[in-house]
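Colleague: Numbering (the working numbering), first residue to last: 649 to 1056. Beta carbons are placed, not taken as given, at the ideal position from N, Cα and C, and that holds for glycine. As the structure is a prediction and not an experimental result, all values here were calculated from the model. There's a structure below that I have some questions on.
Now the structure itself:
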């Protein structure tokens, strides 16, 4: 092989390196011309083909610088080659530098392909996350729609219930108006049964008189001890049955005849007496007695706290409105199956000179008035016991609340 100029080879190598550097600089994806997107596998296949071609080019990089011995016109060709040697003397190193430069380009492209593959994987991963997020949003949206539908259904149900409640309220108002009308009818009937004005003239005056004086006068009309004991014997079984699991409250105890009867039967009983002297006397006899207004004290008792409420002389010595309060308060204070026991003087005894009518507070209360009043005020049962002895005639009301009396 003929000699060649080393400076030419150096210039050629420098030129090839400059071309390679420019190729590397222009191989960045940011400045690469847009084109069809290729997958990583396609890029790897093309790189493998390029490397195969580089391998072939490397082995043939010295082609054209030697003439085979079997070539035709070998001497002529050799003479031509010798004539061109100044031009072609650096062809082999140039060819090899070109191959090296292209190989570097291949390395750069292969690195870019690897980066693209990693970027594609990251993009695919992010895309999957985005798709998962979208799916989650879709599910959340479906859940929200379901909750909205449930809320709408609940609102519709509440609206229906509100309409039903309003209708029930209207019905209750109608029932209340009817109950008030019945109450007015009962009160009018009670007044008619008791007399034109519903009370005697003496009772009207007693309401405005001195309380101490009225109390002393009332003692003259109180039934005697034997008469009161007879009343107690007539109702003691009913009182004892109701008082199994709750105490008895005896109103206007006065002489304490009914307190004695209930205590003798083993019944837990408390008396209520407005007169201080009478209350102190009863306590001295061993009874539990509170000094208070009987009707007001009964109204203050907790609901369902009593087994029975009794009063020997009270129902017909108070105004009708106070009697209604007494009946209502007793029903509230009694347990289920509790009893209310009220005694009244027979109105017919007033004309016959019955001594009970010596009490200026006494008002004529017909027995039918008591039973009708109890039933109208919500009592489940109302029975009467009529008693007649030499001390005077009387009627005893036994009214029961709904339900059975508890047992121990």
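Taking the continuous alpha helix (DSSP H) assigned at residue 919, which residues delimit it?
Modeller: Counting along the chain, residue 919 falls outside any alpha helix (DSSP H), though it belongs to the beta strand (DSSP E) covering 917-920.
Colleague: When we look at the beta-carbon of residue 922 and count the other beta-carbons within 10 Å, is it buried (16 or more) or exposed?
Modeller: Buried: at least 16 other Cβ atoms inside 10 Å.
Colleague: Just to confirm my understanding: we take residue 974, look at its own chain, exclude 5 residues before and 5 after, and list those with CB closer than 6 Å. What are they?
Modeller: Only 943 meet the Cβ criterion.
Colleague: Please work out which residues of its chain come closer than 6 Å, Cβ to Cβ, to residue 949, disregarding the five sequence neighbours upstream and downstream, and give them in chain order.
Modeller: Excluding sequence neighbours, residue 949 sits near 981.
Colleague: Taking residue 978 and residue 946 to be in contact with their CB atoms under 8 Å, please state how far apart those CB atoms are, rounded to whole angstroms.
Modeller: Going by Cβ atoms, the distance from residue 978 to residue 946 rounds to 6 Å, so yes, they are a contact pair.
Colleague: With a threshold of 16 other CB atoms inside 10 Å of the CB of residue 750, please say whether the residue is buried or exposed.
Modeller: Per the 10 Å Cβ criterion, buried.
Colleague: Inspect the CB distances between the region 874-890 and the region 919-939 and report whether three or more fall short of 8 Å.
Modeller: Because the criterion of three Cβ pairs below 8 Å is not met, the region 874-890 and the region 919-939 do not touch.
Colleague: Pull up the distance between the alpha-carbon of residue 1047 and that of residue 954, whole angstroms please.
Modeller: In a straight line, the C-alpha of residue 1047 is about 14 Å away from that of residue 954.
Colleague: What separation, rounded to the nearest whole angstrom, lies between the Cα atoms of residue 694 and residue 768?
Modeller: So the alpha carbons of these two residues sit roughly 18 Å apart.
Colleague: Kindly indicate which residue of 785, 899, 903 has the alpha-carbon position closest to the one of residue 874.
Modeller: Measuring from the Cα of residue 874, the nearest candidate turns out to be 903.
Colleague: Using a 10 Å radius around the Cβ and a threshold of 16 neighbouring Cβ atoms, would you call residue 798 buried or exposed?
Modeller: When all chains shown are included, residue 798 counts as exposed.
Colleague: Relative to the C-alpha of residue 924, which residue among 958, 807, 941, 1030 is closest?
Modeller: That would be 941, whose Cα lies nearest to the Cα of residue 924.
Colleague: Expressed to the nearest angstrom, what Euclidean distance is found between the alpha-carbon atoms of residue 1042 and residue 991?
Modeller: Distance between the alpha carbons of residue 1042 and residue 991: 7 Å.
Colleague: Applying the criterion that 16 or more other CB atoms from any shown protein chain within 10 Å of the CB defines a buried residue, is residue 1014 buried or exposed?
Modeller: By the neighbour-count rule (16 or more Cβ atoms within 10 Å), residue 1014 is buried.
Colleague: Measure the alpha-carbon distance for residue 804 versus residue 985 and round it to whole angstroms.
Modeller: Between residue 804 and residue 985, the C-alpha separation is close to 43 Å.
Colleague: Under a Cβ-count criterion, where at least 16 other Cβ atoms within 10 Å of its own Cβ denotes burial, should residue 690 be classed as buried or exposed?
Modeller: Looking at its Cβ environment, which holds fewer than 16 other Cβ atoms inside 10 Å, residue 690 is exposed.
Colleague: What would DSSP say about residue 799, mapped onto helix, strand or coil?
Modeller: The answer is helix: DSSP assigns residue 799 an H, G or I state.
Colleague: Please give me, in chain order, every unbroken run of the alpha helix (DSSP H) with length at least 4 that falls completely inside the region 866-907.
Modeller: You should have 873-890.
Colleague: Out of curiosity, what's the CA-to-CA distance linking residue 897 and residue 996?
Modeller: Taking the straight line joining both Cα atoms gives about 29 Å.
Colleague: From residue 1045 to residue 962, what distance separates their C-alpha atoms?
Modeller: Going from the Cα of residue 1045 to the Cα of residue 962 covers about 12 Å.
Colleague: Alpha carbon to alpha carbon, how far is residue 796 from residue 789? Give it in angstroms, no decimals.
Modeller: Spanning the two alpha carbons is a distance of roughly 10 Å.
Colleague: Is it buried or exposed for residue 901, if we count other Cβ within 10 angstroms and need 16 for buried?
Modeller: Label assigned to residue 901: buried.
Colleague: Compute the beta-carbon to beta-carbon distance between residue 993 and residue 1016, rounded to the nearest angstrom, for a pair I have assumed lies under 8 Å.
Modeller: Actually they are not in contact, since the Cβ atoms of residue 993 and residue 1016 sit about 15 Å apart, beyond 8 Å.
Colleague: Report the three-state DSSP secondary structure of residue 977 (helix, strand or coil).
Modeller: Helix, per DSSP.
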